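Only one structure is covered here, and it is reproduced in the block below.
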Amino acid sequence: MPPSLSHVRHPITAYLAEHPDERPALSGLLNSLDADADPTSRSTLPGHITCSAVVIDRARRVLHVRHNASGLLLPPGGHIEASDTSLLAAALREVEEETGLPASSLALTPEFRDRPIDIGVHAIDARPSKAEPAHRHYDVCFVFTLADDAPAPVLQTEEVTEAVWLSFGEVHSPALRATLARSGLDGAIAPVNASAVVHDERGHYLVHLRDANKPEIWQPGAWSLLGGGREPQDATLLDTVRRELREEAGLEIADLRPYAVEHAIGTEGMIVPIQVFTGRWAGDPSALRLTEGVMLAWLDPGRLPFLTMAASTRELLQRHAAEHSVPAPRLTASPGTDALAAPSGTVPHIVGVHLYLERDGQVLLGRRHPDSAYAGGSWHALAGHCEAESATACLVREAYEEAGLVIDREDLELVHTVHLADRPGEGAAGRPPRIQLFFRARRWEGDPELREPDKCLAWQWWNPKDLPEPIVPYTRAAIEGVRAGRTYTETGWTL
1 MPPSLSHVRH PITAYLAEHP DERPALSGLL NSLDADADPT SRSTLPGHIT
51 CSAVVIDRAR RVLHVRHNAS GLLLPPGGHI EASDTSLLAA ALREVEEETG
101 LPASSLALTP EFRDRPIDIG VHAIDARPSK AEPAHRHYDV CFVFTLADDA
151 PAPVLQTEEV TEAVWLSFGE VHSPALRATL ARSGLDGAIA PVNASAVVHD
201 ERGHYLVHLR DANKPEIWQP GAWSLLGGGR EPQDATLLDT VRRELREEAG
251 LEIADLRPYA VEHAIGTEGM IVPIQVFTGR WAGDPSALRL TEGVMLAWLD
301 PGRLPFLTMA ASTRELLQRH AAEHSVPAPR LTASPGTDAL AAPSGTVPHI
351 VGVHLYLERD GQVLLGRRHP DSAYAGGSWH ALAGHCEAES ATACLVREAY
401 EEAGLVIDRE DLELVHTVHL ADRPGEGAAG RPPRIQLFFR ARRWEGDPEL
451 REPDKCLAWQ WWNPKDLPEP IVPYTRAAIE GVRAGRTYTE TGWTL
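Taking this note's numbering, I'd label the letters of the sequence shown as residues 1 to 495.
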């Protein structure tokens, strides 16, 4: 579908806010919008919108192509097509169609961002051969900077015959020429967004799970860093990241410092330069006031390869983790004891969390992948191991990561505990014993999805009186315990 009227109004309104004196020249376009006509259709008369792109390189030159129809050297541009979701997308498509430069070689400027640099009004002569009367083009022009490693332009259409780089003073349009002269644009790609690498003293990273049902946002359903775009009230990008932390999570971090400038690919396919800051925090993510996305959680860097995450974000966190190794903890000895020795007979226990989900009298189980290191091919509850997080926060995270289920930790209740030694005698040596916590979710959103097919082959609802085989034995014991009203089971231990 072509751009909606709201997508058309937004850049034009933003442009007129900066250039109110041009409102009379654009009155025909504004009348079309007020009449709910489609100003992006070339059949709309006496005038309609076209889109063009001012592409600037590091030598402060603007890319032009010679159009066969007029013989003029003009920035790449043309009519809007049905596949264009926005005016900006139309300009990007025209650049690639006419010069071969993809959106991934371009970036918006901090000075203009997605606001047009110019809207020109051009009189178009009648073309009897195509039954087109004389009309006007309202050319909405966006400005981009070219990446240093971008390929050379290669003409892609028979409509243009030459690609030329012209200085600002050689630009054909007087109005655009004057705007460029006073713009201060130098062709350098500069950050327009800011984000924060927040870590604790144990080497864990605070990550944000984005909404999965909003395809219009960047990286829906992926883990990301907190942050966002610079707003007019932000004097610096440090102000931007501090504001975003407050707005998204109610988080205040005093010692934020610049760390790196990273390049991501945004929703329009363009380069998005991001100023990354770093700072320390050691709180509980589940206690923060989250206003965007699904959840916040501490992430162990070892889990980075297994999460849905932009490659640029994963590489950034891996690099930071490699540069900031965590020292081994120092143990304080009690008088007369060895500083490195645990109390006699002590064995660390692993805490696992499990989701007891019941619908219409049936319980949810997943079929584990046959290559799984534990219980391959068996049916098992949705489960995971606690990291640097509470048990309920862990289960909320695992439910979304594994099955796309959204659960509020306040809707979880502990219904059974299994104290497990997998094989007799292994509590003292070898595989450590486990405390397996089963939580019932009173409410949840979503239907189970296969989000980690390398771990789970299928989700299925089962009658608890007719559970499948093979099934993890302690899972069967827990389900039977819940049904019988028991809250605790021991298994695998020897006297």
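Cβ coordinates follow ideal geometry from the N, Cα and C atoms, glycine included.
For clarity, every value in this text was computed on a predicted model and none was experimentally measured.
Go ahead and pull the three-state DSSP assignment for Thr491.
-> The residue given as residue 491 occupies position 491 in the sequence shown. Here Thr491 carries a strand assignment [DSSP, helix/strand/coil].
Reducing DSSP to helix, strand and coil, say where Arg210 ends up.
-> Sequence index remark: in the sequence shown, residue 210 carries index 210 (1-based). If DSSP states are grouped into helix, strand and coil, Arg210 belongs with coil.
In whole angstroms, what is the alpha-carbon distance linking Leu146 and Gly187?
-> Walking along the sequence shown from the start, residue 146 turns up at place 146. Walking along the sequence shown from the start, residue 187 turns up at place 187. The C-alpha of Leu146 lies about 7 Å from the C-alpha of Gly187.
Limits of the unbroken beta strand (DSSP E) element including Tyr374 | In the sequence shown, residue 374 corresponds to position 374, counting from 1. No beta strand (DSSP E) holds Tyr374; DSSP gives it neither H nor E.
Grouping DSSP H, G and I as helix and E and B as strand, with all else coil, what is Ser6?
-> The sequence position of residue 6 within the sequence shown is 6, counting from 1. Assigned with DSSP and collapsed to three states, Ser6 falls in helix.
What are the start and end residues of each continuous alpha helix (DSSP H) run of 4 or more residues lying completely inside the stretch 196-255, in chain order?
-> 237-249, all fully within the stretch 196-255.
CA nearest to the CA of Pro285, picked from Lys130, Ala297, His67 and Asp34 | Position 285 of the sequence shown, counted from the first residue, corresponds to residue 285. Taking Pro285 as reference, the option from Lys130, Ala297, His67 and Asp34 with the minimal CA-CA separation is Ala297.
Could you name the residues of the same chain whose beta carbon sits closer than 6 Å to that of Gly481, not counting the 5 residues immediately before and after it, in chain order?
-> Within the sequence shown, the letter at position 481 stands for residue 481. Result list for Gly481: His416 and Thr489, in chain order.
Quickly, what does DSSP pair Gly77 with across the bridge? List them, please.
-> On the sequence shown, position 77 is the one that residue 77 refers to. For Gly77, which the question treats as bridged, DSSP gives the partners Ser52.
Proximity to Arg476 [Cα-Cα], best of Asp454, Val363, Asp447 and Ala399 = Along the sequence shown, read from residue 1 onward, the residue named residue 476 stands at position 476. For the residues Asp454, Val363, Asp447 and Ala399, the minimum Cα distance to Arg476 belongs to Val363.
Close-in-space but distant-in-sequence residues of the same chain around Ala478 (CB under 6 Å, 5 per side omitted) = The residue given as residue 478 occupies position 478 in the sequence shown. Take Ala478, set aside five residues on each side of it, and the residues of its chain with a beta-carbon closer than 6 Å to its own are His416, Val418 and Phe438, in chain order.
With DSSP as the reference, label His320 as helix, strand or coil.
-> As a working mapping, residue 320 is identified with position 320 in the sequence shown. His320 falls in the helix class under three-state DSSP.
Would you mind stating whether Ala150 and Ser105 have Cβ atoms separated by less than 8 Å?
-> Position 150 of the sequence shown, counting from 1, holds the residue named residue 150. Position 105 of the sequence shown, counting from 1, holds the residue named residue 105. Between Ala150 and Ser105, the C-beta gap is smaller than 8 Å, which places the two residues in contact.
Element boundaries [alpha helix (DSSP H), containing Ser32] | The residue labelled residue 32 in the question sits at position 32 within the sequence shown. Boundaries of the alpha helix (DSSP H) around Ser32: Ser27 to Asp34.
Using 8 Å as the Cβ pair cut-off and three pairs as the minimum, do the stretch 316-326 and the stretch 395-406 touch?
-> Counting Cβ pairs under 8 Å, fewer than three are found: no touch.
Nearest-angstrom Cα distance between Phe144 and Ala441?
-> Here residue 144 corresponds to residue number 144 of the sequence shown, with the count starting at 1. Here residue 441 corresponds to residue number 441 of the sequence shown, with the count starting at 1. Rounded to the nearest angstrom, the two C-alpha atoms are 49 Å apart.
Based on Cα-Cα distance, which residue from Leu355, Leu290, Ser224 and Ile253 lies nearest to Ala311?
-> In the sequence shown, residue 311 corresponds to position 311, counting from 1. Comparing alpha carbon positions, the residue from Leu355, Leu290, Ser224 and Ile253 closest to Ala311 is Ser224.
Please classify Ser6: is it buried, with 16 or more other beta-carbons within 10 angstroms of its beta-carbon, or exposed?
-> Against the sequence shown, residue 6 aligns to sequence position 6. By the 10 Å Cβ count, Ser6 comes out exposed.
Could you work out which residue in Glu413, Val164 and Trp444 is closest to Thr487 when comparing CA atoms only?
-> As a first step, residue 487 is located in the sequence shown; it is residue number 487 there, counting from the start. Relative to Thr487, the option among Glu413, Val164 and Trp444 whose CA is nearest is Glu413.
Where does Gly120 sit, in a helix, a strand or coil, going by DSSP?
-> Position 120 of the sequence shown holds residue 120. Gly120: strand per DSSP, three-state reduction.
Among Gly361, Arg443 and Thr157, which residue has its Cα nearest to the Cα of Lys465?
-> Stepping through the sequence shown from its first residue, residue 465 is reached at position 465. Ranking Gly361, Arg443 and Thr157 by Cα distance to Lys465 puts Gly361 first.
What whole-angstrom Cβ distance do Trp459 and Pro448 have, given they're in contact under 8 Å?
-> Walking along the sequence shown from the start, residue 459 turns up at place 459. Walking along the sequence shown from the start, residue 448 turns up at place 448. Rounded to whole angstroms, the Cβ separation of Trp459 and Pro448 is 4 Å, and the two are in contact under 8 Å.
Between the Cα of Thr40 and those of Asp139, Ser27 and Thr109, spot the shortest distance and give me the residue it belongs to.
-> The count along the sequence shown starts at 1 and reaches residue 40 at position 40. Minimum Cα distance to Thr40 is reached at Asp139.
Among Leu357, Ser183, Ile12 and Cys51, nearest to Asp34 - alpha-carbon criterion = By 1-based counting over the sequence shown, the position of residue 34 is 34. Cα-wise, what sits closest to Asp34 is Ile12.
Backbone CA spacing between Gly352 and Gly229 [nearest angstrom] | Position 352 of the sequence shown holds residue 352. Position 229 of the sequence shown holds residue 229. Pairing Gly352 with Gly229, the inter-Cα distance amounts to about 38 Å.
Length of the line joining the Cα atoms of Ala14 and Pro116 | In the sequence shown, residue 14 corresponds to position 14, counting from 1. In the sequence shown, residue 116 corresponds to position 116, counting from 1. When rounded, the distance between both Cα atoms is 8 Å.
In the DSSP assignment, what are the bridge partners of Tyr259?
-> For the purposes of this step, residue 259 is taken as residue 259 along the sequence shown, with counting starting at 1. Tyr259 pairs with nothing; no bridge assigned.
Option in Pro174, Pro215 and Ile471 with minimal Cα separation from Glu268 = As a first step, residue 268 must be located in the sequence shown, where it is residue number 268. Considering only alpha carbons, the answer is Pro215.
C-alpha distance - Gly203 paired with Glu96, whole-angstrom precision = By 1-based counting over the sequence shown, the position of residue 203 is 203. By 1-based counting over the sequence shown, the position of residue 96 is 96. Gly203 and Glu96: Cα-Cα distance of roughly 43 Å.
Around the Cβ of Val55, are there at least 16 other Cβ atoms within 10 angstroms (buried) or fewer (exposed)?
-> In the sequence shown, the residue the question calls residue 55 occupies position 55. Val55 comes out buried.
Separation of Gly279 from Ala264, as counted between CA atoms = Position 264 of the sequence shown, counted from the start, is the residue given in the question as residue 264. Position 279 of the sequence shown, counted from the start, is the residue given in the question as residue 279. The straight-line gap from Cα to Cα measures roughly 21 Å.
Could you say if the stretch 59-66 and the stretch 21-35 meet the contact criterion of at least three C-beta pairs nearer than 8 Å?
-> Touching, no.
Could you pull the start and end residues of the beta strand (DSSP E) that Ala441 belongs to?
-> Reading the sequence shown from its first residue, position 441 is the one you call residue 441. In the DSSP assignment, Ala441 falls within the unbroken beta strand (DSSP E) covering Arg434 to Ala441.
Endpoints, beta strand (DSSP E) assigned at Ala297 | In the sequence shown, residue 297 corresponds to position 297, counting from 1. Met295 to Leu299 is the span of the beta strand (DSSP E), which, as asked, contains Ala297.
CA-to-CA distance, Ser183 to Leu331, given in whole angstroms = The sequence position of residue 331 within the sequence shown is 331, counting from 1. The sequence position of residue 183 within the sequence shown is 183, counting from 1. Because the pLDDT of Leu331 is 46, which lies under 50, any placement of that residue in the model is unreliable, and the number read from its coordinates should be weighed accordingly. Computed Cα separation, rounded: 60 Å.
In terms of DSSP beta bridges, what is Pro174 paired with?
-> By 1-based counting over the sequence shown, the position of residue 174 is 174. The partner list for Pro174 (beta bridge, DSSP) is empty, contrary to what the question assumes.
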